[in-house]
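See below for the structure under consideration.
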Amino acid sequence: MARDGAVYVCQSCGATQTKWAGQCPACNAWNSLVEELQTRPPGALAPSR
1438 MARDGAVYVC QSCGATQTKW AGQCPACNAW NSLVEELQTR PPGALAPSR
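Here the sequence shown is numbered in the working numbering, starting from 1438 and rising by one per residue.
Printed below as a string of structure tokens:
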């Protein structure tokens, strides 16, 4: 499960996903998704719940 602010980026094609998968749905590369944290710029509003 991705942490808040985390996305999974394919190292082969650069596609982004919100959930980890064994295979990139965009380019079909196996084990290419790595977790990266997205940071909000200073002063950005947090998402409302």
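Note that CB positions come from ideal geometry on N, CA and C, so glycine has one too.
Straight-line Cα distance separating residue j from residue i
i: residue 1471; j: residue 1485; result: 27 Å
i: residue 1452; j: residue 1475; result: 14 Å
i: residue 1455; j: residue 1468; result: 15 Å
i: residue 1443; j: residue 1473; result: 6 Å
i: residue 1445; j: residue 1458; result: 9 Å
CA nearest to the CA of residue i, picked from the options
i: residue 1464; options: 1448, 1442, 1444, 1443; result: 1448
Residues near residue i by beta carbon distance below 6 Å, same chain, minus five either side
i: residue 1450; result: 1463, 1464
i: residue 1460; result: 1467
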